[in-house]
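Asks:
Protein chains: 4
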Amino acid sequence: MKKNTAVLLIHCPDQKGIVRAVTDFLYLNNGNIVYLDQHTDRSCGQFFMRIAWEIDAFQISREKIGEYFDTLIGKKFEMVWKLSFSDQKKRMAIFVTKLSHCLYDILYRFHSKEWNMEIPMIISNHENLKPLADQFGIPFYHFPITKETKAAQEEKQLKLLKENNIDLIVLARYMQIVSGNFISHYPFKIINIHHSFLPAFIGSKPYHAAHKRGVKIIGATSHYVTEDLDAGPIIEQGITHVTHKEDVADFVRQGKDIEKIVLSKGISKDLEHKILVYNNRTVVFD
Amino acid sequence: MKKNTAVLLIHCPDQKGIVRAVTDFLYLNNGNIVYLDQHTDRSCGQFFMRIAWEIDAFQISREKIGEYFDTLIGKKFEMVWKLSFSDQKKRMAIFVTKLSHCLYDILYRFHSKEWNMEIPMIISNHENLKPLADQFGIPFYHFPITKETKAAQEEKQLKLLKENNIDLIVLARYMQIVSGNFISHYPFKIINIHHSFLPAFIGSKPYHAAHKRGVKIIGATSHYVTEDLDAGPIIEQGITHVTHKEDVADFVRQGKDIEKIVLSKGISKDLEHKILVYNNRTVVFD
Amino acid sequence: MKKNTAVLLIHCPDQKGIVRAVTDFLYLNNGNIVYLDQHTDRSCGQFFMRIAWEIDAFQISREKIGEYFDTLIGKKFEMVWKLSFSDQKKRMAIFVTKLSHCLYDILYRFHSKEWNMEIPMIISNHENLKPLADQFGIPFYHFPITKETKAAQEEKQLKLLKENNIDLIVLARYMQIVSGNFISHYPFKIINIHHSFLPAFIGSKPYHAAHKRGVKIIGATSHYVTEDLDAGPIIEQGITHVTHKEDVADFVRQGKDIEKIVLSKGISKDLEHKILVYNNRTVVFD
Amino acid sequence: MKKNTAVLLIHCPDQKGIVRAVTDFLYLNNGNIVYLDQHTDRSCGQFFMRIAWEIDAFQISREKIGEYFDTLIGKKFEMVWKLSFSDQKKRMAIFVTKLSHCLYDILYRFHSKEWNMEIPMIISNHENLKPLADQFGIPFYHFPITKETKAAQEEKQLKLLKENNIDLIVLARYMQIVSGNFISHYPFKIINIHHSFLPAFIGSKPYHAAHKRGVKIIGATSHYVTEDLDAGPIIEQGITHVTHKEDVADFVRQGKDIEKIVLSKGISKDLEHKILVYNNRTVVFD
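In structure tokens form, the structure reads like this:
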């Protein structure tokens, strides 16, 4: 059986001695490292690190690790850090509209226990996918959205999300633009799938635009949602080659296969605490 | 040994009976079809076809095929068509600046006889690649370009190209924007390689822009040059996956491997008479 | 709305006049061609063709098309041909064991009506996936298999399949080798997904073998089942790049994403009457 | 300008404290780490690490680093390690036969200074590529090989290689099997390109075999040469998708584009001291 591990995601200004200080801290307190990767971005002088270690024999109690780490190491190196534990289950809300391909892919991973998480709710602006939610026994909430009701409906959604202690929101082909206010409650905690290889074809109907431009590849991008439409930090991208023989409907059909994989890969990375965001770009550890 | 073939590239408004009429024409005149592919673009109602046949036993003489085809078939279906022969060598001029990766790739294919063509000249706005041209015995012409001299230099280039009966111009990382006037002399006969997956990152320094945006794929695009910068009909695109570990220099280095292959594939398709252009998009037969 | 079409898949020894004869037949009987692709394999002198046309205004009645075509064209050219109609729904049986990723992907396409077919049954040698079948309202039949019972169980399966007029059998990670006798009832009508890029890693535990060999790519292959294990005609293959960081469990997890897409693409091609088999190889029209 | 760096490639049985010990050693002696990556293979309990640091201000002199490291760290952890310096140029011999695509690609990278190395010689069993070697001013040695002369010719080749202090041998489509004796002089220092996605299609004529099998992807593999034919540690693999329309000649032509890139990527990794070999598998750092 897999042992419980703690995971630290760290970034700070680069300087000598960071790796040594962190590994020293773990070594001296009997932490067996099971993952260590680091990266220095020379263009911005920032150091990034992910380190995981077994906590069963660790001398510092789980509750105290954060405090000790910050006092002994974090403050000294001006670190921004985040501590997680492998046995914590993230609670994920899925937003959908009418298309089901991404939702199926997520439900498969949830049910086959590929992912260590919970799905307390599916939220939608339409009722089309309610039967699927019912079938899998997941509460389904219908929030129809019009220009007039949008602000009020988002407030209700936020209340529901907070009450359910949601950690991660996934927009699985949710055909609504979420407001800046909504996003501000979940900074870098909302993952969207956009059906183009960003930054090409931002906004609506990217497959139509791609077909019109006569591209020979189409793609999809999973990214964290920020206030700028389709401009948040990219997590994962995938593509497929197309020819003149494919029309827009073919793009849509083939694109679905890319979208669902690219979205699920992005979610996986987040669930495994493998993503750091800095300057609107991601560091995605493998 | 491969037999001589004639190749027809055709497009016209779609209607019943086109394939039958063309294949009838060949059959009745003893032409053995070695290639036939067709495509109907329903969004614009246009029919596209490429057909090749052995001409040794063909009853219509090579010089008369065009006239007969147009009279008997072309006019009736309002066809735009182009006739070529497999034993005609295209004459290609290569424009370069300082980077050699695409030029090497082209020279390799030329020298190993992968391509049935001639390279009467290499043109550059710098002298850096003259030694390489010399080494391969290809005439090298140096046309330094400034804002002031550009128009005059392009006139000289055009004169040289016309004198040498150039059929195809390849911009192999030529770091100059060619003018609309220049392009008008070689409509859909100038192939450029752009170092991004268009339409993302049009213009200069696409790898810098890609890095800044934090993309997880980079790419390259070969396309015919039109007056709109980097907006001409796309022939071929390729990509490679990147991570946060790659900086701009890595993008540039890895990008070169994609650029040269994507450019050479685009050139191949043109040399083999496999490309039709319609509405700023290409039909690329395989 | 899409019009009803007839589809002909043809192969025969190559000779002059085939395309002309077929297109003549359609033209003269008022058939509007909506798809035509052909291919000649020069290594075996065989001609392959797929042609589809609208049948609403076709002069020969649906029931008579086959007879007329064979009499007027097929016999003359020694054609092997197969006629299908776009409004016929194939009836597909899915064989599974314990893994659900391929089954989910198939169910998604079925339920979202991406595929024009019916799934009268899921058959399994284990009961694990019965709840999923129940959830989607698809009859589930449990046929436990041991060395001793295999022949008898296969007989029962065959009986069930015949009674239900099954046209296509999909082995969606079915962990049993089906017998030659069983296969002989469904020649080129059983599609399997093998979890390697064949012909590498035939047989069981291909991901273990791939990891041991230290490959840098893993893949999956969908193919028609023949008596030779994992040696039937390949329909579709996909791969993903891996590094030394991935262990066997990672291969398995990543492989699932390839397997399901590669299997579903293979099924799509079959459902759309786009595959011809000759000499243990496929011609897959696009 | 890039500073001089030292690179350590290390592997040893996994245990607590390795990263800390190595980073301590560098920190205490004023070494600024510019690269650190590590990997533990749990299937064999082996720890792998690559670490690079600037040596200008390092307190231990370049000549003494190895000794000090081994005494203070290496012996304690039973490390197998290799120390290199970024300013050392590897000396590479290229073996070719008649095909030039890989040779061109290597010469391009050499001449454009993408690689920090020297090419003191090209060796061939045929004279076809001598003009290309001459053109680039690289000594060309012709060693015709027959069954009878092979052993003697290899002795002469070895003498020549030793006299020229060759560090790395690249078989750039060299159509001869080198003997076990020859290989024993350059363990994991001979890189070969095989024109298939190994382990499929070992031995000669892999494209013919791939075509016969009807695969939908073809590929290439760069690997270190060991006594077992095409079974040495894989460094890099690449593929491209093919269809029934491609014949063997098309496979060969398209394969060349993959081969040259896959070989050059493999060479790059070796030149940058990024490869460790263990149990016939590679760890390739990025």
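Residue numbers (this note's numbering), protein chains in the order written: chain A, 1140 to 1425; chain B, 1140 to 1425; chain C, 1140 to 1425; chain D, 1140 to 1425. All C-beta atoms, glycine included, are put in the ideal place defined by N, C-alpha and C.
If the cut is a Cβ gap below 9 Å, which residues of chain B does residue 1315/D touch?
Replies: Result: empty, since nearest Cβ-Cβ is about 21 Å, beyond 9 Å.
Asks: Indicate whether residue 1233/D and residue 1186/D have their beta-carbon atoms separated by less than 9 Å.
Replies: Not in contact: residue 1233/D and residue 1186/D (Cβ atoms no closer than 9 Å).
Asks: With a 10 Å radius around its C-beta and 16 neighbouring C-beta atoms as the bar for buried, classify residue 1331/B as buried or exposed.
Replies: Per the 10 Å Cβ criterion, buried.
Asks: Three-state secondary structure (DSSP) at residue 1339/A?
Replies: Looking at residue 1339/A - three-state DSSP - the assignment turns out to be coil, as it is neither helix nor strand.
Asks: What are the residues of the region 1367-1390 of chain B that lie near chain A, defined by any Cβ-Cβ distance shorter than 9 Å?
Replies: Within the region 1367-1390 of chain B, the residues whose Cβ lies closer than 9 Å to some Cβ of chain A are 1370, 1372, 1373, 1374, 1375, 1376, 1377, 1378, 1380, 1382, 1383, 1384, 1386 and 1387, listed in chain order.
Asks: Any residues in the region 1165-1179 of chain A with a beta carbon nearer than 7 Å to a beta carbon of chain D? Which ones, in chain order?
Replies: Answer set for the region 1165-1179 of chain A: 1166, 1171, 1172, 1175, 1176 and 1177.
Asks: Select from 1281/B, 1241/B, 1367/B and 1323/B the residue whose C-alpha is nearest the C-alpha of residue 1260/B.
Replies: It is 1281/B whose Cα lies nearest to the Cα of residue 1260/B.
Asks: Find the nearest neighbour of residue 1269/A within the set 1245/A, 1235/A, 1188/A and 1287/A, judged by alpha-carbon distance.
Replies: Cα-wise, what sits closest to residue 1269/A is 1235/A.
Asks: Show which residues of chain D have a CB atom less than 7 Å away from the CB atom of residue 1355/C.
Replies: In chain order: 1373, 1375 and 1376.
Asks: Determine, using beta-carbon pairs with one atom in the region 1376-1383 of chain A and one in the region 1397-1414 of chain B, whether at least three such pairs fall under 8 Å.
Replies: The region 1376-1383 of chain A, when compared against the region 1397-1414 of chain B, does not touch it at the 8 Å Cβ threshold.
Asks: How far does the alpha helix (DSSP H) with residue 1147/A in it reach, from first residue to last?
Replies: Segment 1144-1152 is the beta strand (DSSP E) holding residue 1147/A; no alpha helix (DSSP H) there.
Asks: With C-beta atoms as the reference, is residue 1176/D less than 9 Å away from residue 1189/D?
Replies: Going by C-beta atoms, residue 1176/D is nearer than 9 Å to residue 1189/D.
Asks: The alpha helix (DSSP H) that contains residue 1162/B, what's its start and end?
Replies: Unbroken alpha helix (DSSP H) run through residue 1162/B: 1157-1167.
Asks: So is residue 1416/B in contact with chain C if we call contact Cβ pairs under 9 Å?
Replies: False, the Cβ-Cβ gap to chain C never drops below 9 Å.
Asks: Quick one: Cα of residue 1338/A to Cα of residue 1392/A, how far?
Replies: One C-alpha to the other measures close to 21 Å.
Asks: Run through DSSP, which three-state label would residue 1185/C get?
Replies: Correct three-state label for residue 1185/C: strand.
Asks: Using the Cα positions of residue 1349/A and residue 1357/A, report the straight-line distance between them to the nearest angstrom.
Replies: Residue 1349/A and residue 1357/A: Cα-Cα distance of roughly 7 Å.
Asks: Whole angstroms are fine: how far does the CA of residue 1192/C sit from the CA of residue 1222/C?
Replies: Distance between the alpha carbons of residue 1222/C and residue 1192/C: 11 Å.
Asks: Between which two residues does the alpha helix (DSSP H) containing residue 1367/D stretch?
Replies: Unbroken run through residue 1367/D: none, as it is neither H nor E.
Asks: If we define contact as Cβ-Cβ less than 9 Å, is residue 1296/D a contact residue for chain B?
Replies: Output row for residue 1296/D: interface = no.
Asks: Tell me where the alpha helix (DSSP H) around residue 1292/A begins and ends.
Replies: That run of the alpha helix (DSSP H) goes 1289-1302.
Asks: Within its chain, find whatever has a CB closer than 7 Å to the CB of residue 1239/A; leave out the 5 residues flanking it on each side and keep chain order.
Replies: The residues are 1268 and 1271.
Asks: CA-CA distance, residue 1416/B and residue 1212/B?
Replies: Taking the straight line joining both Cα atoms gives about 21 Å.
Asks: Fully enclosed by the region 1177-1223 of chain A, which beta strand (DSSP E) runs are 3 residues long or longer?
Replies: You should have 1185-1193.
Asks: Can residue 1173/D and residue 1179/A be called in contact, C-beta distance under 9 Å?
Replies: Going by C-beta atoms, residue 1173/D is nearer than 9 Å to residue 1179/A.
Asks: Using a cut-off of 7 Å between C-beta atoms, extract the partners of residue 1159/B located in chain A.
Replies: In chain order: nothing, as chain A lies at least about 21 Å away.
Asks: Could you work out which residue in 1343/B, 1288/B, 1335/B and 1364/B is closest to residue 1323/B when comparing CA atoms only?
Replies: With distances taken between Cα atoms, residue 1323/B lies closest to 1364/B.
Asks: Could you check if residue 1396/C is buried or exposed, using at least 16 other CB atoms within 10 Å of its CB as the buried criterion?
Replies: Flag for residue 1396/C reads buried.
Asks: At a cut of 8 Å, does the region 1294-1301 of chain D reach the region 1310-1321 of chain C through at least three beta carbon pairs?
Replies: Result no; under three Cβ-Cβ pairs closer than 8 Å.
Asks: Mind pulling the alpha helix (DSSP H) runs of 4 or more residues that sit fully within the region 1235-1269 of chain C?
Replies: Entirely contained in the region 1235-1269 of chain C, the alpha helix (DSSP H) runs reaching 4 residues are, in chain order, 1240-1250.
Asks: Determine the direct distance from the alpha carbon of residue 1383/C to that of residue 1182/D, and round the result to whole angstroms.
Replies: Approximately 12 Å, taken between the alpha carbons.
Asks: Would you tell me roughly how many angstroms separate the C-alpha atoms of residue 1144/D and residue 1195/D, rounded to the nearest one?
Replies: For residue 1144/D and residue 1195/D, the distance between alpha carbons rounds to 8 Å.
Asks: Using a Cβ-Cβ cut-off of 9 Å, state whether residue 1152/D counts as contacting chain C.
Replies: By this cut-off, residue 1152/D is not an interface position.
Asks: So the candidates are 1335/C, 1275/C, 1373/C and 1352/C; which of them puts its Cα closest to the Cα of residue 1352/D?
Replies: Nearest of 1335/C, 1275/C, 1373/C and 1352/C to residue 1352/D, Cα basis: 1373/C.
Asks: Output the boundary residues of the alpha helix (DSSP H) element that contains residue 1411/D.
Replies: Looking at the DSSP string, residue 1411/D is not in any alpha helix (DSSP H), and its letter there is neither H nor E.
Asks: With a threshold of 7 Å on Cβ separation, who are the neighbours of residue 1412/C within its own chain once the five nearest residues in sequence on each side are excluded?
Replies: Contacts found: 1146, 1148 and 1223.
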